[in-house]
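Enquirer: Numbering (UniProt numbering), first residue to last: 1 to 207. Idealized CB from N, CA, C, for every residue including glycine. Structure below; questions to follow.
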């Protein structure tokens, strides 16, 4: 699927040489649906790492995982009685409250991962943002990276906004025209933008 999407994106970008060159330089991007049993670990780690550097987020999560015993699941850690222990890992009260709320929602089947998996993006976002502490950006990232939806664009992502602006400026067209060109594969386009920023591809292509 990912290779077919890549070829389709290259074809759709045929009238936009800078965009097409960027897609070719980055190569094939991968998205896939994860198993429902991984939903809580995925979302808990996403919340824990918000507004932190990758290094800090990884360190905090390693501390959380070090608390687990052989018999214990991650769900079992996020209960009110463990608040101080979790704070000792570097988690804020707000993040602990959010993750505990996710656990409760799963236990009460307010959120059912297998049902979310067949929902369109807007329903996933609507459902997840009903939970305390889960905002649109987190829900959109979950739609992309956990459920593997192909056509999600997060307007609130600062890096995506910056990358989109750079591409539109280089092509001399509107940002909306770029997004229309890459529809219905905006998630894959987002992966290209993030990779281009991470690898300084925008800078190297400007030279």
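Give me, in chain order, the residues of the same chain whose beta-carbon lies closer than 7 Å to that of residue 98; leave out the 5 immediate sequence neighbours on both sides.
Expert: The beta carbon of residue 98 lies closer than 7 Å to those of 47, 132, 133, 134 in the same chain, with the five residues before and after it left out.
Enquirer: Please report the straight-line C-alpha distance between residue 164 and residue 69, rounded to a whole angstrom.
Expert: 45 Å
Enquirer: Got a sec, what are the start and stop residues for the alpha helix (DSSP H) residue 42 sits in?
Expert: 39–48
Enquirer: Thinking C-alpha only, which one of 76, 204, 185, 58 is nearest residue 31?
Expert: Ranking 76, 204, 185, 58 by Cα distance to residue 31 puts 185 first.
Enquirer: Comparing C-alpha positions only, which one of 155, 40, 94 sits nearest to residue 75?
Expert: 40
Enquirer: Does any residue of chain E bring its CB to less than 8 Å from the CB of residue 157?
Expert: Absence of chain E from the displayed structure is noted, only one protein chain being present.
Enquirer: Determine, using beta carbons only, whether residue 60 and residue 33 come nearer to each other than 8 Å.
Expert: no
Enquirer: How would you write the range of the alpha helix (DSSP H) that residue 96 sits in, first residue to last?
Expert: 93–107
Enquirer: Does the Cβ-Cβ distance between residue 149 and residue 139 come in under 8 Å?
Expert: Not a contact, by the Cβ cut-off of 8 Å.
Enquirer: Between residue 188 and residue 10, which are expected to be in contact by the criterion C-beta below 8 Å, what is the C-beta distance as a whole number of angstroms?
Expert: By a beta-carbon distance limit of 8 Å, residue 188 does not contact residue 10. Their separation comes to about 11 Å.
Enquirer: Would you please state the rounded distance, in angstroms, between the beta carbons of residue 44 and residue 102? I believe it to be under 8 Å.
Expert: Cβ atoms of residue 44 and residue 102 come within 8 Å of each other, at about 7 Å.
Enquirer: Go ahead and pull the three-state DSSP assignment for residue 143.
Expert: Looking at residue 143 - three-state DSSP - the assignment turns out to be helix.
Enquirer: In angstroms with no decimal places, state the Cα-to-Cα distance between residue 125 and residue 58.
Expert: 25 Å
Enquirer: Just mark residue 118 as buried or exposed, buried being the case when its beta carbon has 16 or more other beta carbons within 10 Å.
Expert: That one is exposed.
Enquirer: Is residue 155 helix, strand or coil when you go by DSSP?
Expert: coil
Enquirer: Report buried or exposed for residue 155, applying the criterion of at least 16 other Cβ atoms within 10 angstroms of its Cβ.
Expert: When all chains shown are included, residue 155 counts as exposed.
Enquirer: Sort 51, 25, 115, 116 by Cα distance to residue 199 and report the nearest one.
Expert: 25
Enquirer: Straight-line CA distance for residue 5 to residue 109?
Expert: 34 Å
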